[in-house]
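In our numbering, the protein residues as written are 178 to 707.
#1: Would you say the beta carbon of residue 405 is closer than 8 Å to some non-hydrogen atom of the ligand MN?
#2: Which residue's Cα is closest to the Cα of residue 684: 398, 696, 700?
#3: At the level of alpha carbons, what is the spacing between residue 626 and residue 597?
#4: Using DSSP with H/G/I as helix, E/B as strand and the rest coil, what is residue 586?
#5: Which residue wins for smallest C-alpha separation from residue 430, given the options 280, 350, 605, 389?
#6: Nearest to residue 380 by alpha carbon, out of 369, 338, 426?
#7: Closest by CA to residue 567, which one among 371, 670, 607?
#8: For chain D, find out if any of its Cβ atoms is closer than 9 Å to the Cβ of residue 550; answer yes or no.
#9: With DSSP run on the structure shown, which of helix, strand or coil describes residue 663?
#10: Is it right to say residue 533 is buried, meaning 16 or more other beta carbons lie within 10 angstroms of its own, or is it exposed?
#11: May I ask which residues mark the beginning and end of the alpha helix (DSSP H) holding residue 273?
#12: Taking the alpha-carbon positions, what's the residue 396 to residue 343 distance?
#13: Considering just the uninterrupted stretch of the beta strand (DSSP E) at residue 339, what are its terminal residues?
#14: Going by DSSP, what residue range makes up the beta strand (DSSP E) through residue 317?
#15: Can you have a look at residue 334 and say buried or exposed, based on whether 16 or more other CB atoms are within 10 angstroms of its CB?
#16: Does residue 586 pass the burial test, meaning 16 or more other C-beta atoms within 10 Å, or should it be called exposed?
#17: Pick out whichever of 420, 539, 616 has its Cα sitting closest to the Cα of residue 705.
#18: Distance, Cα to Cα, residue 680 vs residue 554?
#19: Taking the continuous beta strand (DSSP E) assigned at residue 392, which residues delimit it?
#20: With DSSP run on the structure shown, which of helix, strand or coil describes residue 324?
#21: Could you round the C-beta distance between residue 605 and residue 666 to whole angstroms and report it? I think they count as a contact, below 8 Å.
#22: Out of 631, 612, 649, 619, point me to the one whose CA is closest to residue 370's CA.
#23: Tell me the rounded alpha-carbon separation between residue 421 and residue 196.
#24: Pull the bridge partners of residue 598 from the DSSP assignment, please.
#25: Assuming the contact rule is C-beta atoms closer than 8 Å, residue 317 and residue 491 should be a hit. Round their C-beta distance to whole Å, please.
#26: Does the segment 448 to 464 come into contact with the segment 298 to 312, if we say contact requires no fewer than three beta-carbon pairs (one atom in each stretch) closer than 8 Å?
#27: Cβ atoms of residue 366 and residue 218: under 9 Å apart, would you say?
#28: Under three-state DSSP, which class holds residue 460?
#29: Which partner residues of residue 204 appear in the DSSP bridge assignment?
#30: Would you tell me roughly how many angstroms separate the C-alpha atoms of residue 409 and residue 654, rounded to the nearest one?
#31: Under 8 Å by Cβ, that's how I've got residue 374 and residue 591 pegged, so tell me the actual separation to the nearest angstrom.
#32: For residue 210, name the three-state secondary structure that DSSP assigns.
#33: Assuming residue 377 contacts residue 635 under a Cβ cut-off of 8 Å, what Cβ separation, rounded to an integer in Å, is found between them?
#34: Just list the beta strand (DSSP E) runs in the segment 465 to 545, keeping only unbroken ones of 3 residues or longer that don't cross its boundaries, in chain order.
#35: In terms of DSSP beta bridges, what is residue 302 paired with?
#36: Give the C-beta separation of residue 324 and residue 360 to the nearest angstrom, bearing in mind that I take them to be a contact with Cβ-Cβ under 8 Å.
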């Protein structure tokens with residue numbers, strides 16, 4: 178059975194292809210269109226379909242739209258309750274017309290094969306059905322909103338979902354966090370991770386008040402109206418971030434963590450499962466994820482790497498498919514042959530070389546404190562750079578945090594992450610789950626390592642580590658770096674600059690390299706130097 182999954186109605190439009198239960202391809206539209214998040218999440222944009230990523234998914238499998246057995250669209254307009262939101266009727270109308278829009282974008286597609294999948298069911302399937310283990314599991318979904326809700330708590334048994342609790346709008350943990358993001362002068366539905374980083378810089382002085390306004394009730398929650406201005410003055414985009422802004426961020430962050438822990442405990446009591454899977458935009462909050470792992474009742478916690486709305490394209494396809502296989506990894510996007518990369522380099526007329534081993538070349542550059550752009554293999558599905566489209570640096574120098582934030586045009590309060598050999602991770606990191614291949618949890622840095630890798634240690638003593646295993650090229654680079662420095666860790670952040678999607682193609686890589694103070698580009702087997 179050949180199923181194309183589509184996410185289009187809110188933000189992060191994406192496509193995914195599942196053939197006979199196997200995940201063949203998955204990619205976000207932003208990587209092709211070069212528009213961050215693909216589009217803004219407003220009703221006026223709901224007509225836009227991820228046509229570029231959908232066409233690529235089909236091409237990857239050698240299929241045409243006419244070859245598909247089903248298209249799974251991760252939103253069901255028949256479930257919408259439009260009373261609480263202006264313009265919702267427009268979004269709903271566009272969603273209803275999605276089969277016709279898709280047939281226009283993908284010639285040969287029969288609009289009658291398009292099936293609407295409830296948004297939170299698609300989120301649930303993206304993690305409960307894609308998880309890398311056999312057997313049953315609990316599933317928790319929390320995000321901004323779906324058709325009429327913002328949360329789902331359930332259980333997968335033999336591939337079938339039973340829902341035990343859901344939360345109707347307007348109560349939404351994700352929308353609360355979005356409102357805070359906007360109040361703090363950042364872009365909502367985009368910059369929530371900045372709020373999470375900012376929260377570590379202060380104490381949650383308003384936590385008692387947040388506990389009065391955000392309540393947990395029988396597997397769901399109630400969020401009472403709150404005057405943000407009474408706690409911190411609304412910040413304009415270019416205004417200074419003050420201590421009161423950080424204190425408000427910390428207060429909301431900690432209350433979010435507490436609420437999620439209560440929901441997780443309720444779900445465990447209801448299901449008795451050992452394993453928890455999570456998805457939805459809130460599941461990208463790696464600080465909360467670690468508290469769930471460390472303090473919650475489940476033995477295993479797995480978060481789908483494209484846990485935000487982009488992942489619902491995959492979830493919808495898995496939900497409709499007649500059988501499913503576990504997610505093989507996050508490297509489900511575009512890849513390029515050595516010949517294709519060389520052709521782009523020659524067209525760009527840039528000098529390049531082909532070293533005997535690009536991993537050794539990069540390790541030597543990093544040991545010499547150079548910043549390296551790394552472009553290898555198929556690109557990542559989801560928001561994290563996981564060693565396919567990455568910027569690397571030496572973690573032993575504290576000033577490299579400032580250097581990388583300057584390269585990327587980011588706020589200086591934001592941390593960068595460590596990449597570590599999986600077999601060495603426990604020497605350096607604790608508390609969070611290990612292995613941790615998708616950078617979706619934070620870990621405490623062991624005291625004896627904090628001064629050795631200062632560039633990746635956040636102000637609260639944590640780091641969002643990615644463990645590496647099963648990738649020979651990355652492992653060789655890390656081992657060569659370790660041999661030169663005695664450190665099995667490198668800095669890993671996404672290969673892009675602020676406001677731009679992650680690099681996806683060789684041309685994107687050259688544009689980023691050419692416009693930023695990066696010392697070396699390792700692209701396939703080739704090296705381009707500044």
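Yeah, the Cβ is synthetic: ideal placement off N, Cα and C, and Gly gets one too.
For this structure:
#1: This structure simply doesn't include the ligand MN, nor any ligand for that matter.
#2: 700
#3: 13 Å
#4: coil
#5: 350
#6: 426
#7: 670
#8: As a matter of chain content, chain D is missing from the structure shown, which is built from one protein chain.
#9: coil
#10: exposed
#11: 265 to 273
#12: 8 Å
#13: 337 to 345
#14: 314 to 319
#15: exposed
#16: exposed
#17: 539
#18: 12 Å
#19: 391 to 394
#20: coil
#21: 6 Å
#22: 619
#23: 51 Å
#24: 645
#25: Wrong, their Cβ atoms sit about 17 Å apart, outside the cutoff.
#26: yes
#27: yes
#28: helix
#29: 192
#30: 46 Å
#31: 5 Å
#32: helix
#33: 6 Å
#34: 477 to 480
#35: Answer is none; residue 302 lacks a bridge partner.
#36: Contact doesn't hold; Cβ gap of about 26 Å is too wide.
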